[in-house]
Structures are given as structure tokens and as C-alpha cells.
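In order, the protein sequence lines correspond to chains S and F.
Under the working numbering, the final residue of the first sequence carries the number 565; numbering is consecutive throughout.
Under the working numbering, the final residue of the second sequence carries the number 172; numbering is consecutive throughout.
Glycine is no exception: its CB is placed at the ideal position from the N, C-alpha and C atoms.
Each remark here refers to the structure printed beneath this line.
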Amino acid sequence: MIGAEAIVKCLEEEGVKYVFGYPGVAICPFYNSITESKIKTVLVRTEQSAAHAASGLARISGKPGVCAVTSGPGATNIITGIATAYADSIPLIVITGQVKSDLIGSDVFQEADITGAVESFVKYSYLVKKADELPRIFKEAFHIANTGRKGPVLIDIPIDIQQAPVKSFKYPETVNLRTYKPTVKGNSAQIKKVIKELNRSARPIICIGGGVQLGGAEDLVQSFAEKHGIPFVTTMMGIGTVPTDHDLYFGMVGNNGKPYANKAMNEADVIMMVGARVADRAISQPDLITKDKVLIHIDVDPAEIGKNAVSSIPLVGDCKAIFEDLNSEEFDIDCTKWVKELKKYKKELCPVRKPDKKYVDPQGFIDILTNKLNDTAVYVADVGQNQIFSCAYVNIKDNTRFLTSGGMGTMGYSIPAALGAKLADPKRQVVCVCGDGSFQMSMMELATFRQHGVQAKIIVFNNSYLGMVREYQHYSYKDNYSMVSLDGSPDLEKLVSAYDFDYFRLENMNGLEKTIDAFIKDKKNCLLEVMIDPMDLVKQ
Amino acid sequence: MQKKVFSLLANNTSGVLSRISGLFSRRGYNIESITAGVTADPRYTRITIVTSGDDEVLEQIEKQVAKLEDIQVIKELVPDESVYRELALVKVRCAAQERPSVIAITDIFRGKIVDVAADSLIIEITGGIEKIDKFLNLLEGHEILELARTGMAGLSRGIENVTFLP
């Protein structure tokens with residue numbers, strides 16, 4: 026057995042089904058060996074998409090997504106994808122080929138110090154020096170990526186290591202990492218304090234972050250809230266955790282969130298932040314949520330607690346373990362008055378849009394689309410106005426998932442992420458919603474769907490602008506639009522027909538339901554172009 | 007701004023020092039000095055970092071360093087309960103007739119003359135940061151040609167804070 030075969034064997038041992046990537050000389054031994062395996066390979070059209078596709082797969086399957094690219098430009102091209110996963114704590118295993126061990130550091134063809142370059146975007150990285158170390162390194166890498174606060178792990182493997190003989194292959198059953206032991210169970214004294222604070226609270230609120238889904242604690246958190254009648258809001262990464270029509274749900278917080286969600290946070294006396302990092306876009310003034318309030322901060326990463334807001338009760342651990350404990354505690358609070366108050370705000374502070382009838386109104390479109398999707402659909406939103414509209418108007422049912430690039434805000438995320446999500450669970454409906462800007466950042470991946478027989482359902486909001494930046498220039502630069510016009514964009518009907526996609530189009534709200542029905546029903550790959558008012562604003 | 011000294015026990019792997027110093031530079035933390043050396047157990051490296059910042063920053067430094075996968079232990083070396091030492095090598099310009107005065111100052115500070123040349127001396131001196139600073143001040147009038155300071159190494163006093171490794 027050689028190193029490359031050992032790598033494939035390690036992936037098989039971990040139950041990996043797909044590897045997304047792009048080959049080159051330095052990773053060829055690996056791609057040569059993988060043809061013998063049942064693991065399927067998916068050739069993306071640019072390396073960044075490999076990481077996004079792996080991210081989509083990871084978020085639906087709950088297992089680390091795997092991608093493998095070559096050295097030099099292959100490795101540097103994937104960095105944005107790695108950083109995107111890191112910002113949202115998505116577990117990835119990124120394999121990069123590297124030049125021959127004895128040439129490292131001599132600037133040979135396609136050499137890049139990739140472990141150095143990704144240092145601040147990975148949870149951990151390895152540069153493999155002996156082929157015999159591969160089984161241990163892979164075992165550790167999968168463990169590190171998918172435990173504690175999840176994240177990408179990069180394994181850089183020189184070509185000579187991939188070709189070197191492996192004396193005896195034995196995949197370790199356990200990991201032995203002396204210095205890495207994430208806290209799972211919440212401290213019981215802290216849990217008692219949480220109960221005590223909630224017990225004397227009149228206006229508690231739970232703010233659900235992305236960590237709740239990553240920890241698989243969706244049902245536990247929801248049943249905790251329901252049991253005690255505690256209202257909840259979400260961050261952007263928390264969307265998809267709870268049904269949007271839930272009686273206790275009061276929207277997404279933040280500067281792009283619902284005014285009544287922010288009001289709920291400001292009026293609360295106890296805030297339970299769960300798996301959320303108090304990011305600037307969610308909580309623009311952290312002192313407001315700590316002043317005159319009790320902040321209970323629950324996170325698996327101790328460094329997040331106190332980073333952006335000083336909490337009164339820090340509680341480190343896995344959301345699932347902590348909410349199992351919290352659910353077993355008995356206490357009695359009455360939030361009915363507080364919930365009634367919040368419902369009043371919800372009615373009063375609900376922003377009313379005044380859409381131009383010549384175009385499709387994103388609110389009405391997203392509302393009807395997501396009502397028509399299955400309970401288990403996956404909605405993948407890109408970045409830009411399309412993302413903010415999606416967050417605001419998506420209907421989440423019991424098992425709907427909502428994927429987007431939250432922390433990094435990486436344009437072009439949705440198309441490859443939808444590919445990965447569909448492969449993770451082909452039975453689920455997956456729709457991808459992007460703008461005409463973000464579409465053009467990833468449109469080369471239409472071929473990937475076609476080549477690998479993965480069904481694509483892509484919706485493009487066409488407003489002929491980089492709408493989010495245009496909106497920013499409207500508010501902050503007196504409408505001096507600079508670098509935001511997308512004139513010159515392709516005719517999407519012609520473009521997708523070149524990839525043998527079906528094409529649907531909506532000019533305005535006429536025939537909306539019929540077109541959406543036909544789009545959802547279509548068995549082929551398809552794209553729906555939705556014409557949006559170029560001057561539309563997410564904040565009106 | 008206050009100063010803190012942290013003692014770290016880290017895996018003795020290649021790149022561990024760059025992972026730590028990289029964390030400091032990318033998050034904008036100060037490093038006043040950093041020293042590293044293998045421990046009695048060759049699997050580990052002991053690193054002493056002198057850093058400064060306000061309370062929140064110092065708390066974040068401790069947490070962010072602890073979060074690095076290669077760190078076994080990070081603890082603060084509290085001044086009263088710890089011993090700190092730094093070593094400095096000082097090369098001063100010194101003609102034969104000036105030697106007695108330089109040697110006299112060196113003796114007072116319990117330093118050693120480790121190299122003598124026709125018109126220079128190298129002095130080795132060990133102690134806390136302040137002692138070395140004072141010594142360098144007293145050398146005023148003699149031109150310091152080269153100076154190498156190791157940065158601070160430290161250990162906590164007594165047995166209470168010792169981490170026994172498996």
C-alpha cells in the first residue's frame with residue numbers, strides 16, 4: 026500500500042461518500058487511487074466551489090465535508106471557501122497536494138506554503154512528513170473538525186508521501202490528543218444559576234445562533250422554550266432552527282433583522298444567547314444587551330464568551346448536553362404578559378413594503394415559494410439583497426433547513442453549497458436563491474450539476490445591480506453609484522440552455538404561483554429568473 | 007494597560023511557536039517577550055510570554071491561547087508567587103584603561119565577563135527585567151555595541167500550580 030491508497034482507506038473508514046475537488050500534478054496519486062474506491066468524486070469548476078460544496082454537504086449530513094485540490098494555485102484558490110466555513114464553524118477536511126518534501130521552501134513550480142497561508146482560517150492543519158502517520162493524522166483531523174466548535178482542518182500532503190509505501194495500515198479506533206479536549210457537559214453550578222435567573226425573570230428571551238443546529242439541539246431548545254413559554258429570536262445563522270410561524274418566534278435580530286426582534290432583545294431582562302457569538306451584524310451595541318440585564322451566554326467555545334459582550338452567567342459546553350440538563354430541571358415562570366407585549370410590537374413594528382408593481386416583489390415571491398416547498402426542503406441563500414430578503418421572508422417549516430454564508434458573507438456560496446446539500450440527501454428538495462451578481466460568481470458550476478446528474482433548482486433575483494452595495498451607496502454616498510452596475514450580464518435563457526437547463530422567468534407578480542409550481546415540479550435542471558426592481562431596498 | 011506573564015505548556019511540534027505568535031499578531035495583542043524551550047518531557051515545550059493590555063484583552067489572550075489545539079496548559083505567573091529571569095549579553099566598547107570601572111559595575115550586578123578583546127567586553131547578566139534595565143542604565147558612558155536579551159523565562163513558586171503530565 027502507498028500513501029495515496031492509505032488516504033483513500035482513511036476516508037472510507039470515516040464513511041466519506043463524496044470528495045469535491047480539482048486535480049493537478051501534486052494530488053494525482055490520490056485521484057489515481059480513489060478510482061478503486063466506492064467514494065464518488067465530484068469535479069467542480071473552480072476550487073473555491075469545492076469547499077462550498079463540502080460545506081453544503083456537511084451542513085445537511087452532519088459529517089465533515091471533504092475536498093481535495095492540488096498544490097499552489099489549487100490550494101490558494103480554496104482559501105476563501107475555507108475561511109467561509111471557518112467563520113460559520115462548518116466541519117471540513119481539506120486535502121491539498123504539495124510539492125515533493127525535499128523541494129518544500131525552494132519556490133518550485135506550483136509550490137505554496139498553504140499551511141502557513143490558512144493558519145488563521147483553520148481549526149488545525151497538518152503538513153504530513155511520513156506516510157505512516159497518515160492514519161493517525163486523518164483520525165485526528167476528522168475528530169478535531171467535528172467536535173467542540175466545529176471547523177475546517179487542512180491536511181497538506183507532499184506528492185512523495187502519497188507515493189511512499191505504508192508499512193502496515195491500521196486505522197486508529199480512538200484519538201489520543203493530549204492537548205485537545207473540548208468541554209461537552211455544562212458546569213452544574215452554572216446551570217443552577219441559569220435556572221435561578223430564569224426563575225425570577227419576567228421578560229426572558231432566547232437568542233438562537235448557528236451553534237444550536239451544529240450541536241443538533243434544535244428540538245431540545247424548542248421544547249425548552251415551549252415548556253416554559255419563553256419567546257425566542259434567531260441570528261442569521263440560527264434561521265432554520267425553529268419554524269417561523271411558531272407562536273413564540275419573534276424574528277431575526279440585527280441590523281438587517283426585524284425591528285420587533287431587536288426591540289424584544291432590548292426590552293428583555295434576561296437574554297439567553299445560545300450558540301451565538303454576539304457578532305457585530307447581530308448585536309451592533311453589545312453594551313445594550315448587558316446593561317440592566319442578565320446575559321446568559323451558552324457556547325461550546327469558551328473564547329466566544331466575553332469576547333464581544335461580558336456575560337453575567339457564562340456556560341461552556343455542547344448545546345445538546347446543556348439543554349438536556351436544562352430540560353430536566355423544574356421551574357415555573359409565567360411569560361404570557363411578556364409574550365403578549367411582544368406580539369403587540371410585532372404588529373406595530375412590522376415594516377410594510379411598497380413594492381413597484383412592474384416587478385416581482387421579493388417578499389411575496391419568497392413567501393409563496395417557501396410555502397409551496399416541502400417540510401424538509403433546503404433553502405440555500407447567497408449573499409446580498411437576496412440573502413436579506415430571504416432571511417426576512419422565508420417560511421421555515423418543521424424540518425426546513427436554511428443555508429447561507431453568515432460570518433464571511435461570501436458571494437457565490439449558494440450554487441456550490443446547494444450541490445453539496447443535494448448530494449448529502451438527494452430526496453430533499455433543494456432550492457438555491459442568488460442575485461445576478463452572486464450567480465455570475467459561481468455560474469461555471471452549472472456544468473458540475475449537469476456532469477454529475479445532480480438536480481439544480483436555481484433562482485436568480487435579477488436587478489441588474491450589486492444591490493446590497495447599491496443600497497449602501499444610496500444611504501451612505503448620496504446615490505453616487507460606483508462599480509455596482511451589472512450591465513453586460515449574459516442572457517440567462519441562452520446561457521442555461523447551453524447547459525441544457527430548463528428556463529423560467531417572472532417579470533412581475535402575474536402568474537407567480539403557476540410559474541413557481543412548474544419550476545418546483547420540473548424534473549430537469551432548471552433556473553428561474555425573477556425580475557426585481559433595480560431600486561428596491563431591503564431597508565425601507 | 008497592565009502587564010501579565012503567562013506560562014504555557016505546548017506540544018513540542020513544528021510550527022507551534024508560529025501558531026502562537028501568529029495568533030498574537032492577527033488579533034493585535036502585544037508581545038513584550040516570548041521564550042520557548044523543550045521541557046524535561048520532550049513531548050512538550052515551555053513558553054513564557056510577557057504581554058500587556060487591559061483586563062478584557064488579557065482575558066481574551068488567555069482564552070484564545072488556551073483554544074489553540076496544541077496548548078496543554080496556560081497559567082498566569084503572578085509576580086509574588088513566581089520567579090522570573092532574563093539573560094542578557096552586552097558587548098560594550100571598552101579600552102584597557104576603562105575595564106576596571108566596567109568590571110566593578112558588572113560585579114555589583116553579579117554579572118560575568120565572558121569575552122575580552124582589545125577594545126571591547128562581553129558581559130553576561132541574569133535577572134529580572136528591571137535589574138537588567140538598571141544595569142544597562144549604569145553602563146551609560148560606555149558605548150553598547152551589541153545587545154542580546156533572551157526575554158523572560160519564568161516558573162511559579164512551590165508545587166501547587168504544577169501540571170503533572172500523563
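| Under 7 Å by beta carbon: chain S residues contacting K69 (chain F) | The answer, in chain order, is P327, A328.
| With 9 Å set as the bound, which would you pick, yes or no: does the beta-carbon of L202 (chain S) sit closer than that to a beta-carbon of chain F? | Cβ-Cβ to chain F under 9 Å: yes for L202 (chain S).
| task | From the DSSP output, in three-state form, read off T57 (chain F) for me. | result | Three-state DSSP puts T57 (chain F) in a strand.
| message | I want to see whether chain F comes within less than 9 Å of V119 (chain S), judged by CB atoms only; does it? | response | It does not; no Cβ of chain F falls within 9 Å.
| message | So, for Y370 (chain S): in the same chain, excluding its five sequence neighbours on each side, which residues have a beta-carbon less than 6 Å away from its beta-carbon? | response | Taken in chain order, the residues that qualify are Y285, K288.
| task | Can you tell me which of the three DSSP states Y500 (chain S) falls into? | result | It is helical.
| field | Proximal residues to R426 (chain S) (C-beta, below 6 Å), its chain only, five neighbours per side dropped | value | The answer, listed in chain order, is G265, V403.
| field | Cutoff 9 Å: V335 (chain S) Cβ touching any chain F Cβ | value | Yes, V335 (chain S) counts as interfacial toward chain F.
| Can you tell which of S:R70, S:G40, S:Y500, S:L223 has the C-alpha that lies nearest to the C-alpha of M466 (chain S)? | Residue S:R70 is the option with its Cα nearest to M466 (chain S).
| message | For I103 (chain S) and Q73 (chain S), which I take to be in contact (beta-carbon distance under 8 Å), what is that distance rounded to the nearest angstrom? | response | Right, the Cβ-Cβ distance comes to about 6 Å (below 8 Å), so this counts as a contact.
| query | Which of the three DSSP states, helix, strand or coil, is assigned to Y149 (chain S)? | reply | Assignment of Y149 (chain S) by DSSP, reduced to helix, strand and coil, places it in the strand class.
| Reference P98 (chain S); option with closest CA among S:A137, S:G241, S:I440 | Out of S:A137, S:G241, S:I440, S:A137 has the C-alpha closest to the C-alpha of P98 (chain S).
| What residues in the segment 221-239 of chain S have a beta carbon less than 8 Å from any beta carbon of chain F? | Result list empty, no residue passes.
| query | What number of angstroms, rounded off, separates the C-alpha of D270 (chain S) from the C-alpha of D400 (chain S)? | reply | So the two alpha carbons sit approximately 13 Å from each other.
| What do you reckon, are the CB atoms on A93 (chain S) and I120 (chain S) nearer than 9 Å? | In contact: A93 (chain S) and I120 (chain S) (Cβ atoms closer than 9 Å).
| said: Please give the ranges of any beta strand (DSSP E) in the segment 322-369 of chain S, keeping only runs that are unbroken, at least 3 residues long and fully inside the region. | reply: DSSP runs (the beta strand (DSSP E)) wholly in the segment 322-369 of chain S: 338-341.
| field | the segment 501-511 of chain S touching the segment 483-490 of chain S, judged by at least three CB pairs closer than 8 Å | value | The count of Cβ pairs closer than 8 Å, one atom from the segment 501-511 of chain S and one from the segment 483-490 of chain S, reaches three, so the stretches are in contact.
| field | Where the segment 60-92 of chain F meets chain S: residues whose CB sits under 7 Å from a CB there | value | Cβ contacts with chain S: E65, Q66, K69, Q70, K73, E75, D76, I77, Q78.
| field | Contact set between K332 (chain S) and chain F, taken where Cβ atoms lie within less than 7 Å | value | For K332 (chain S), the neighbours in chain F by C-beta distance under 7 Å run, in chain order, Q66.
| Partners in chain S for R25 (chain F), counting only beta-carbon separations shorter than 8 Å | Taking a Cβ-Cβ cut-off of 8 Å, the neighbours of R25 (chain F) in chain S comprise E144, given in sequence order.
| Could one say the Cβ of S20 (chain F) lies closer than 9 Å to chain S's Cβ atoms, at least one of them? | Yes, its Cβ sits closer than 9 Å to a Cβ of chain S.
| field | Residue-chain proximity (L159 (chain S), chain F), Cβ-Cβ < 9 Å | value | No, L159 (chain S) does not count as interfacial toward chain F.
| said: What residue range does the beta strand (DSSP E) around T135 (chain F) cover? | reply: Sequence inspection shows Ile at residue 135 (chain F); the Thr mentioned does not correspond to that position. Where I135 (chain F) is concerned, there is no enclosing beta strand (DSSP E), although the alpha helix (DSSP H) it sits in stretches over 135-144.
| query | Taking the continuous alpha helix (DSSP H) assigned at G81 (chain S), which residues delimit it? | reply | Its alpha helix (DSSP H) spans residues 72-86.
| query | Using 9 Å as the limit for Cβ to Cβ distance, is L152 (chain S) near chain F? | reply | Yes, because at least one Cβ of chain F sits closer than 9 Å to the Cβ of L152 (chain S).
| query | Closest Cβ-Cβ distance between G141 (chain S) and chain F: below 9 Å? | reply | Interface residue, yes.
| said: Let's see if you can read the secondary structure: which residues bound the alpha helix (DSSP H) around M466 (chain S)? | reply: Secondary structure note for M466 (chain S): its alpha helix (DSSP H) is the uninterrupted segment 461-467.
| Residues in its own chain within less than 8 Å of E68 (chain F) by CB, not counting five upstream and five downstream? | These residues qualify, in order along the chain: F12, I80, E82.
| said: Determine, for R52 (chain F), whether the minimum Cβ-Cβ distance to residues of chain S falls below 9 Å. | reply: Using a CB distance cut-off of 9 Å, R52 (chain F) does not count as an interface residue toward chain S.
| Cβ neighbour criterion (16 or more within 10 Å) applied to K539 (chain S) | The residue in question, K539 (chain S), is exposed, as its Cβ has fewer than 16 Cβ neighbours within 10 Å.
| message | Distance cutoff 9 Å, beta carbons only. Does I182 (chain S) sit that close to anything in chain F? | response | Cβ-Cβ to chain F under 9 Å: no for I182 (chain S).
| Cα-Cα, which of S:V124, S:E329, S:Q565 is closest to F134 (chain S)? | F134 (chain S) has its Cα closest to that of S:V124, out of S:V124, S:E329, S:Q565.
| query | In terms of alpha-carbon separation, which member of S:A301, S:V295, S:I323 lies closest to D570 (chain S)? | reply | The requested residue 570 (chain S) is not part of the displayed model; chain S covers only 26 to 565.
| Nearest candidate by alpha-carbon position, reference N212 (chain S), set S:D343, S:L159, S:K34 | Taking N212 (chain S) as reference, the option from S:D343, S:L159, S:K34 with the minimal CA-CA separation is S:D343.
| message | Among S:F275, S:F464, S:T101, S:M560, whose alpha-carbon lies nearest the alpha-carbon of K368 (chain S)? | response | When S:F275, S:F464, S:T101, S:M560 are compared, the shortest CA-CA separation from K368 (chain S) is found for S:F275.
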